[in-house]
Amino acid sequence: MESLNLSIENHYLKEALYEDIVNRLKEQNIDLENVKRSDIAGADEFHVRGATVSKELANSIDLNGLNVLDVGCGLGGPCRMLADEYNCQTTGIDLSNEYVRTANKLSKLVNLNNKTTFVQGDAAELPFEDNKFDVVWTQHVQMNIPDKKKFYSEINRVLKTGGYFLFYDILKKGDGEINYPMPWASNINHSFLFKIEEMDGFLKEFGLTKEQSTNQTQAGIDFFNALVARLKEFGPPKMGLNVLMGETTKPKLMNLLTHLKTGELELISGVYRK
Ligand SMILES: C[S@@+](CC[C@H](N)C(=O)[O-])C[C@H]1O[C@@H](n2cnc3c(N)ncnc32)[C@H](O)[C@@H]1O
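When you line the sequence shown up against our numbering, it's residues 125 to 398, in that order.
This is the structure we're talking about:
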């Protein structure tokens with residue numbers, strides 16, 4: 125497991141990521157004393173439909189003032205949004221040391237470090253006590269985790285009774301082969317796709333009740349089509365997912381778009397209650 129985690133961490137690795145983001149802000153003449161969340165939003169939400177879908181998910185329950193854990197938090201954009209707009213106290217955990225370092229520094233940069241905490245760790249071994257969080261949130265992470273039962277049992281363990289589990293994920297739909305690279309996996313060895321029925325099964329087994337489910341596939345396809353049109357016209361943005369994926373951005377996004385269109389993959393978000 126350790127070598128798989130190292131290999132996955134390496135897949136996401138972008139050296140000096142925070143410094144790169146700061147340089148890109150400077151190139152746009154943004155005053156580093158007054159950086160807004162919107163200035164970094166193109167890069168700090170690493171999932172299809174970025175900040176828009178996170179807001180939709182956040183609005184699906186009353187989050188005001190709650191204590192939230194983001195499992196596989198990446199650069200921490202969703203945690204900062206929940207802290208800033210919903211008065212949440214947020215904790216993010218991620219496998220990547222470089223992402224966690226960057227997440228903490230970005231929170232400081234936009235003055236949200238008092239309401240966000242980021243720690244390095246494995247989602248399958250959460251370093252938190254039982255029943256700690258009002259809400260557990262995860263977006264586009266489980267595809268990297270082979271032991272799904274452990275992943276969801278850890279989420280269930282740290283969630284308070286009566287609390288909510290909010291997710292937004294890429295799931296397998298058809299049975300055809302998947303082409304790599306993908307945003308989450310350089311090759312098939314990093315990728316552990318499964319179907320929504322299996323996820324439902326695990327959560328039901330742990331006693332969680334499904335309250336909402338939204339198929340986001342068409343919205344994801346529409347988002348990608350608009351993105352491809354913008355890239356053709358204007359080239360890569362100063363602050364986009366290209367900051368994280370560099371040269372491999374195009375093949376990764378095109379593979380994902382193709383499989384969403386052909387129906388091998390689907391995007392689903394939803395809410396469960398413990
Ligand atoms: C596609 S990114 C999504 C990041 C973030 N959830 C977001 O939507 O902006 C997937 C993230 O999962 C993290 N990850 C993968 N395997 C993990 C594990 N076993 N434990 C914790 N984080 C993991 C990666 O490091 C990466 O930051």
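Beta carbons are placed, not taken as given, at the ideal position from N, Cα and C, and that holds for glycine.
Collapsing the DSSP output to three states places M363 in coil.
Counted as a single uninterrupted DSSP element, the alpha helix (DSSP H) harbouring L380 occupies residues T373 to T386. The DSSP-derived three-state label of V192 is strand.
The closest heavy atom of ligand 1 lies less than 7 Å from the beta carbon of A247.
The way I'd put it, the region 295–303 does touch the region 379–389; three or more beta-carbon pairs between them come closer than 8 Å. Straight across, the Cα-Cα distance linking T338 with G286 is about 21 Å.
Taken in chain order, the complete alpha helix (DSSP H) segments of 4 or more residues contained in the region 265–311 are 272–282. Counting every other CB atom within 10 Å of its CB across the protein chains shown gives N311 a total below 16, marking it as exposed.
Following the DSSP letters along the chain, one finds I154 in no beta strand (DSSP E), marked with neither H nor E.
By the criterion of a C-beta distance shorter than 6 Å, E133 is surrounded in its chain by L219 and S220, once the five residues flanking it on both sides are discounted. Membership of V243 in the beta strand (DSSP E) is indicated by the continuous run T240 to Q244.
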